[in-house]
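In my numbering, the protein residues as written are 3 to 213.
Virtual Cβ for every residue (Gly too), placed ideally from N, Cα, C.
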Amino acid sequence: MGLPQVLEAMEAACRRAGRRPEEVRLVAVTKERSVEEIQEKVLRHGAFPLGESRVQEALRKMELLQAEWHLVGPLQRNKAKFAPRFALVHSLDSLRLAEALDRVGEKVGVRLRVLLEVNLGREPQKHGFLEEELPEALARVREMPHLEVLGLMTVPPMGPEAVVRPIFRRLSELADRFGLPERSMGMSEDFPIAIEEGATLVRVGRALFVD
Ligand SMILES: *Cc1c(COP(=O)(O)O)cnc(C)c1O
Numbered sequence: 003m004g005l006p007q008v009l010e011a012m013e014a015a016c017r018r019a020g021r022r023p024e025e026v027r028l029v030a031v032t033k034e035r036s037v038e039e040i041q042e043k044v045l046r047h048g049a050f051p052l053g054e055s056r057v058q059e060a061l062r063k064m065e066l067l068q069a070e071w072h073l074v075g076p077l078q079r080n081k082a083k084f085a086p087r088f089a090l091v092h093s094l095d096s097l098r099l100a101e102a103l104d105r106v107g108e109k110v111g112v113r114l115r116v117l118l119e120v121n122l123g124r125e126p127q128k129h130g131f132l133e134e135e136l137p138e139a140l141a142r143v144r145e146m147p148h149l150e151v152l153g154l155m156t157v158p159p160m161g162p163e164a165v166v167r168p169i170f171r172r173l174s175e176l177a178d179r180f181g182l183p184e185r186s187m188g189m190s191e192d193f194p195i196a197i198e199e200g201a202t203l204v205r206v207g208r209a210l211f212v213d
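Written out as structure tokens, the structure is:
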């Protein structure tokens, strides 16, 4: 693949689902990629938002690349102070982290934009709120004046379409139910399915960098 092919596949998925291509944004996940690779494989094609999963790595790259940065991986509370460097944190996964981010937002005088991560596959090793915890967690985070919840995010279990599609569908249903516009779901293996099920942000890494 490569970025142009990913965009084509995104548009094809939109057509199949009767959606407009503008409804879905590509977040180019650049973890473990060098600045040169990112320039050549991503930024040459346009000013795409860049997603990183580790704060330190992101901070290093921010020095060298002008972009809209998203954090897609877990954020440790002791790194919460770096959250304002990201246009969107996809991975808000606990109320303690939310409280830490709210304090950071207050200190800096901004409202931090976040997505709540939902562990829909109920995998113990994965981050995120369990589905039954979501209503309460969302209500609490929505009361925090320095956080703005734009949507939900999920990382499904590895598996075939029969496993991932219902998970993506469920995330969209939950986002609808709670009136949240953004659904961050879909990676290299499954972003077309995620788009068919309502993704508004797809987080694609590997597929952008293969020749
Ligand atoms: C690495 C990563 C991605 C991208 O995965 P690919 O399989 O490389 O497309 C998406 N989301 C998160 C949270 C990641 O850590």
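Inset, instruction - Let me know the beta strand (DSSP E) ranges lying completely inside the segment 47-85, each 3 residues or longer, listed in chain order. - result: Counting whole runs of 3 or more residues, the segment 47-85 contains the beta strand (DSSP E) stretches 52-54 and 71-73.
Inset, instruction - Would you mind stating whether residue 125 and residue 156 have Cβ atoms separated by less than 8 Å? - result: Mapped onto the sequence shown, residue 125 falls at position 123. Mapped onto the sequence shown, residue 156 falls at position 154. In this structure, residue 125 keeps its C-beta atom at 8 Å or more from the C-beta atom of residue 156.
Legend entry - Reduced DSSP category for residue 30 - H, G, I as helix; E, B as strand; rest coil: On the sequence shown, residue 30 is found 28 positions in, with the first residue counted as 1. DSSP places residue 30 in strand when its eight states are reduced to three.
Inset, instruction - State whether the segment 177-196 contacts the segment 56-70, with contact taken as three or more CB pairs (one from each stretch) at a distance under 8 Å. - result: No, they do not touch.
Inset, instruction - Rounded to whole angstroms, what's the CA-CA distance from residue 106 to residue 85? Just pull it up for me. - result: As a position in the sequence shown, residue 106 is number 104, starting the count at 1. As a position in the sequence shown, residue 85 is number 83, starting the count at 1. Pairing residue 106 with residue 85, the inter-Cα distance amounts to about 8 Å.
Inset, instruction - Please confirm whether any heavy atom of ligand 1 lies closer than 7 Å to the CB of residue 65. - result: In the sequence shown, residue 65 corresponds to position 63, counting from 1. Outside the cutoff, so no.
Inset, instruction - Sort 78, 189, 130 and 200 by Cα distance to residue 31 and report the nearest one. - result: The count along the sequence shown starts at 1 and reaches residue 31 at position 29. Cα-wise, what sits closest to residue 31 is 189.
Legend entry - Between the CA atoms of residue 10 and residue 128 - distance to the nearest angstrom: Mapped onto the sequence shown, residue 128 falls at position 126. Mapped onto the sequence shown, residue 10 falls at position 8. If you draw a straight line from the Cα of residue 128 to the Cα of residue 10, it is about 31 Å long.
Legend entry - Cβ-Cβ separation, residue 81 to residue 57 (assumed contact under 8 Å), whole Å: The residue labelled residue 57 in the question sits at position 55 within the sequence shown. The residue labelled residue 81 in the question sits at position 79 within the sequence shown. With a beta-carbon spacing of about 5 Å, residue 57 and residue 81 fall inside the 8 Å limit used to define contacts.
Legend entry - Beta-ladder partner(s) of residue 153, from DSSP: Start at 1 with the first residue of the sequence shown, and residue 153 comes out as number 151. Per DSSP, 117 and 184.
Legend entry - Residue-level contact to chain B via CB, residue 41, 8 Å cutoff: The structure shown has no chain B; it contains just one protein chain.
Inset, instruction - Tell me whether residue 107 counts as near ligand 1, meaning its Cβ is closer than 7 Å to at least one heavy atom of that ligand. - result: Counting from one through the sequence shown, the residue named residue 107 turns up at place 105. Not under cutoff, so the answer is no.
Inset, instruction - Ignore the nearest five residues each way along the sequence and tell me which others in residue 89's own chain have a CB closer than 8 Å to its CB. - result: On the sequence shown, position 87 is the one that residue 89 refers to. Once the five neighbours on either side are set aside, the close Cβ partners of residue 89 are 51, 70, 71, 72 and 115.
Inset, instruction - Grab me the residues of residue 112's own chain with a C-beta within less than 8 Å of its C-beta, minus the 5 sequence neighbours each way, in chain order. - result: By 1-based counting over the sequence shown, the position of residue 112 is 110. Taken in chain order, the residues that qualify are 86 and 148.
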